[in-house]
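Reading through the structure tokens given below for one structure.
Protein chains: 2
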Amino acid sequence: MMKYRRIPEETIRRMPRYLRAFSTLGGHGRGFLSSRQLADYLHLNPPQIRKDLSYFGDFGTRGVGYPVSQTAEQIRKILKLDVSQKAVLIGAGRLGTAIASYPGFAIFGFNIAAIFDNAPAKIGKKIAGLTIQDTARLAAIRSGDVHLAILAIPGEAAQTCADTLVQAGVRGILNLSPCWLRVPKRVKIVSIDLAMEMGTLPYYIK
Amino acid sequence: MMKYRRIPEETIRRMPRYLRAFSTLGGHGRGFLSSRQLADYLHLNPPQIRKDLSYFGDFGTRGVGYPVSQTAEQIRKILKLDVSQKAVLIGAGRLGTAIASYPGFAIFGFNIAAIFDNAPAKIGKKIAGLTIQDTARLAAIRSGDVHLAILAIPGEAAQTCADTLVQAGVRGILNLSPCWLRVPKRVKIVSIDLAMEMGTLPYYIK
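First to last, the protein sequences are chains A and B.
Per the numbering used here, the first sequence starts with residue 34, numbered consecutively.
Per the numbering used here, the second sequence starts with residue 34, numbered consecutively.
Here it is, written out as structure tokens:
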């Protein structure tokens, strides 16, 4: 596989947005998309989009645009989303239950393979077709090929849980707990706090 | 109030992260935080942090760091989070219910003032102390001082709902529906799709 080097983190962060745009608009039967159309759709600017996509090779044509299905396929390869990626979900509370039932993960090739919680009342019950397992048995995922985890538990429990996940071979964590996690450098964390994401909105209200 | 100009969107996007860091670490009794400490905590680099904070004035001291409570207060002012900001929540499904009960909004001064849903079985019930109202009556929020909304409804319904919100005076939307919204330029949208946010993780797994 071709190696891509020195790509800014912000470019990588936008790539899933491009993928969703190509997937969605492609579904509407378009053969090509220009950077202008993408920009309107994504609230970004065209030069930014052209620069981002150029890091990965020259797959657009001036005056025509980017071929929808080929570009989507290329981005999937770059992001390693062209193979199904297993994830475990920790937390079967309100947020965890919402996540387990969210169809959006499939679009990106994610497969929620197991759900864990530490509440005795929840263990053994089923959500989204999966039986909730005891968090105490989390280390057992080591034997599987799970490299991703979604943390949807209270902040106090998150660090201990992250430590166990890292020992069990998890290399990427989507952290929805309102706390920052200390993990080895080889482990990538994406932290989303919905309140924090909303924190920029008042700034833009004139 | 002092005007701040030409601040990159990415800098604004990081400001709530700084605010949460200063709020959290300040709660642990620290008087000052260096850009290095912030960088370790936030998984960013120190020059980036110093550059970001310098857009808003010179409130750090070399060799000492940023005074925790004053800097938090300053960031709140910049982001207009020093006053309570009312938001309406649309959608009382699993995700909406999780959001209504999430204590994290209060940290940023957000106050979820009303909840709407269009399911007859839900209208009139209470979550998080608020009675679920009929989405058909959404236009009534015009009379209040609500400028923010959180959309936690299926994608198909989101655009119609956003149109009503904009007509009712909403100027900022946290969109959790898996779709992009067309709104006038004066309205700011932050779209979060948890599956999309997770889309960068496999790239970093070596």
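Think of the CB as a built atom: it goes at the ideal place given N, C-alpha and C, for glycine as much as any other residue.
Keep in mind it's a predicted model, so treat the numbers as computed, not measured.
Less than 6 Å between C-beta atoms, sequence neighbours within five positions excluded: which residues of the same chain meet that for valine 97/B? Mapped onto the second sequence, residue 97/B falls at position 64. Excluding residues within five positions, the ones whose Cβ falls inside 6 Å are Phe65.
Since isoleucine 40/A and tyrosine 88/A are thought to touch, with beta carbons under 8 Å apart, how far apart are those beta carbons, to the nearest angstrom? Within the first sequence, the letter at position 7 stands for residue 40/A. Within the first sequence, the letter at position 55 stands for residue 88/A. The Cβ separation is near 5 Å, so the contact holds.
Do you know whose CA, among Ser56/B, Gly232/B, Leu184/B and Val203/B, lies nearest serine 102/B's CA? Translated into the one-based positions of the second sequence, residue 102/B becomes position 69. With distances taken between Cα atoms, serine 102/B lies closest to Ser56/B.
Interface positions of the stretch 217-231 of chain B facing chain A (Cβ-Cβ less than 8 Å), listed along the chain: Arg219, Lys221, Ile222, Val223, Ile225, Asp226, Leu227, Ala228, Met229, Glu230 and Met231
For aspartate 167/B, three-class secondary structure by DSSP: Mapped onto the second sequence, residue 167/B falls at position 134. Aspartate 167/B: strand per DSSP, three-state reduction.
Give the residues from the stretch 79-96 of chain A that approach chain B closer than 8 Å (Cβ to any Cβ), ordered along the chain. none
Does the Cβ-Cβ distance between isoleucine 248/B and alanine 182/B come in under 7 Å? No answer is possible for residue 248/B: the residues shown for chain B start at 34 and end at 239.
Quick one: which chain B residues come within Cβ less than 7 Å of glutamine 192/A? By one-based count along the first sequence, residue 192/A stands at place 159. Going along chain B, no residue has its Cβ under 7 Å from glutamine 192/A, so there is no contact; the nearest lies around 13 Å.
Methionine 229/A: which of Asp167/B, Ala191/B and Phe141/B sits nearest, CA to CA? Start at 1 with the first residue of the first sequence, and residue 229/A comes out as number 196. Considering only alpha carbons, the answer is Phe141/B.
Taking Cβ to Cβ, would you say alanine 185/B is nearer than 7 Å to isoleucine 145/B? Within the second sequence, numbered from 1, the residue matching residue 185/B stands at position 152. Within the second sequence, numbered from 1, the residue matching residue 145/B stands at position 112. No, the pair does not count as a contact, with Cβ atoms beyond the cut-off.
Assumed close pair leucine 227/B, isoleucine 225/A - CB separation to whole angstroms, cut-off 8 Å: The count along the second sequence starts at 1 and reaches residue 227/B at position 194. The count along the first sequence starts at 1 and reaches residue 225/A at position 192. With a Cβ gap of about 7 Å, leucine 227/B and isoleucine 225/A count as contacting.
Rounded distance between the beta-carbons of proline 211/A and glycine 137/B, thought under 8 Å: For the purposes of this step, residue 137/B is identified with residue 104 of the second sequence, where counting begins at 1. For the purposes of this step, residue 211/A is identified with residue 178 of the first sequence, where counting begins at 1. Glycine 137/B to proline 211/A, Cβ: 5 Å. Contact.
Taking the continuous alpha helix (DSSP H) assigned at isoleucine 145/B, which residues delimit it? Start at 1 with the first residue of the second sequence, and residue 145/B comes out as number 112. Element bounds for isoleucine 145/B: not the alpha helix (DSSP H) but the beta strand (DSSP E), 143-150.
For the stretch 179-216 of chain B, which segments carrying the alpha helix (DSSP H) assignment without a break, of at least 4 residues, lie completely within its bounds, in sequence order? 188-200
Neighbouring residues, chain A, relative to lysine 113/B (Cβ below 8 Å): What you label residue 113/B is simply residue 80 of the second sequence in a count that begins at 1. Within chain A, the residues near lysine 113/B are Pro235, Tyr236 and Ile238.
Within chain B, the residues that arginine 50/A reaches when beta carbons sit closer than 7 Å: Against the first sequence, residue 50/A aligns to sequence position 17. Those are Met229, listed as they occur along chain B.
Near aspartate 115/B, what residues of its chain come up, given a Cβ to Cβ distance below 6 Å and the 5 sequence neighbours on each side ignored? Here residue 115/B corresponds to residue number 82 of the second sequence, with the count starting at 1. Closer than 6 Å at the Cβ level, and outside the excluded window around aspartate 115/B, lie Arg109.
Cβ neighbour criterion (16 or more within 10 Å) applied to alanine 154/B: As a first step, residue 154/B must be located in the second sequence, where it is residue number 121. Exposed, by the Cβ-count rule.
Quick check on DSSP: helix, strand or coil for phenylalanine 65/A? Along the first sequence, read from residue 1 onward, the residue named residue 65/A stands at position 32. Of the three classes helix, strand and coil, the one that applies to phenylalanine 65/A here is strand, per DSSP.
Going by the DSSP bridge assignment, what does lysine 119/B pair with across the sheet? Residue mapping note: residue 119/B aligns to position 86 of the second sequence, counting from 1. According to DSSP, lysine 119/B bridges with Asn144/B.
Starting from valine 101/B, trace the alpha helix (DSSP H) in both directions and tell me its first and last residue. As a working note, residue 101/B is residue 68 in the second sequence. Its alpha helix (DSSP H) spans residues 101-111.
Examine chain A for any beta-carbon lying closer than 7 Å to the beta-carbon of glycine 98/B, and answer yes or no. For this step, residue 98/B is matched to residue 65 along the second sequence. No, glycine 98/B does not count as interfacial toward chain A.
Kindly say whether phenylalanine 138/B, judged by its beta-carbon, lies nearer than 7 Å to any beta-carbon of chain A. Here the question's residue 138/B lines up with position 105 in the second sequence. By this cut-off, phenylalanine 138/B is an interface position.
Answer with yes or no whether the minimum CB distance from alanine 59/A to chain B is below 7 Å. For the purposes of this step, residue 59/A is taken as residue 26 along the first sequence, with counting starting at 1. Reading the sequence as shown, one finds glycine at residue 59/A and not alanine. With 7 Å as the cut-off, glycine 59/A does not count as an interface residue toward chain B.
Any idea what DSSP makes of serine 56/A, helix, strand or coil? Within the first sequence, residue 56/A is the residue found at index 23, counting from 1. Three-state result, serine 56/A: helix.
Strictly under 7 Å for the Cβ-Cβ distance: is proline 211/A near chain B by that measure? Counting from one through the first sequence, the residue named residue 211/A turns up at place 178. True, the Cβ-Cβ gap to chain B drops below 7 Å.
CB-CB under 6 Å to arginine 47/B, same chain, minus the five flanking residues each way: which ones, in chain order? One-based indexing of the second sequence puts residue 47/B at position 14. Answer for arginine 47/B: Asp85, listed in chain order.
To which residues of the same chain is histidine 29/A closer than 8 Å at the C-beta, ignoring the five residues directly before and after it? For residue 29/A there is no data in the structure shown, the boundaries of chain A being 34 and 239.
With respect to the beta strand (DSSP E) encompassing lysine 221/B, which residues constitute its N-terminal and C-terminal limits? The residue given as residue 221/B occupies position 188 in the second sequence. It spans 221-224 - the beta strand (DSSP E) in which lysine 221/B sits, taken as one unbroken run.
Just to confirm, is the Cβ distance from tyrosine 236/B to leucine 214/A under 7 Å? As a position in the second sequence, residue 236/B is number 203, starting the count at 1. As a position in the first sequence, residue 214/A is number 181, starting the count at 1. Against a cut-off of 7 Å, the Cβ pair of leucine 214/A and tyrosine 236/B comes out as no contact.
Please decide whether arginine 204/B counts as near chain A, where near means a Cβ-Cβ distance under 7 Å. Taking the first residue of the second sequence as position 1, residue 204/B is located at position 171. Yes, its Cβ sits closer than 7 Å to a Cβ of chain A.
Kindly list, in the order they appear in chain B, the residues whose Cβ is closer than 8 Å to that of phenylalanine 141/A. Start at 1 with the first residue of the first sequence, and residue 141/A comes out as number 108. Here the neighbours are Ala228, Met229, Met231 and Gly232.
In terms of alpha-carbon separation, which member of Gly62/A, Arg83/A and Arg63/A lies closest to arginine 69/A? Start at 1 with the first residue of the first sequence, and residue 69/A comes out as number 36. That would be Arg83/A, whose Cα lies nearest to the Cα of arginine 69/A.
For a cutoff of 7 Å on Cβ pairs, would you count arginine 53/A as touching chain B? Numbered from its first residue, the first sequence carries residue 53/A at position 20. It does; some Cβ of chain B falls within 7 Å.
For threonine 44/A, which residues of its own chain have a beta-carbon under 7 Å away from its beta-carbon, when the five flanking residues on both sides are left out? Along the first sequence, one-based indexing puts residue 44/A at 11. Result list for threonine 44/A: Asp85 and Tyr88, in chain order.
Contacts of arginine 127/B in chain A (Cβ-Cβ under 7 Å): Position 94 of the second sequence holds residue 127/B. Under the 7 Å cutoff, chain A gives Arg127, Thr130, Ala131 and Ser134.
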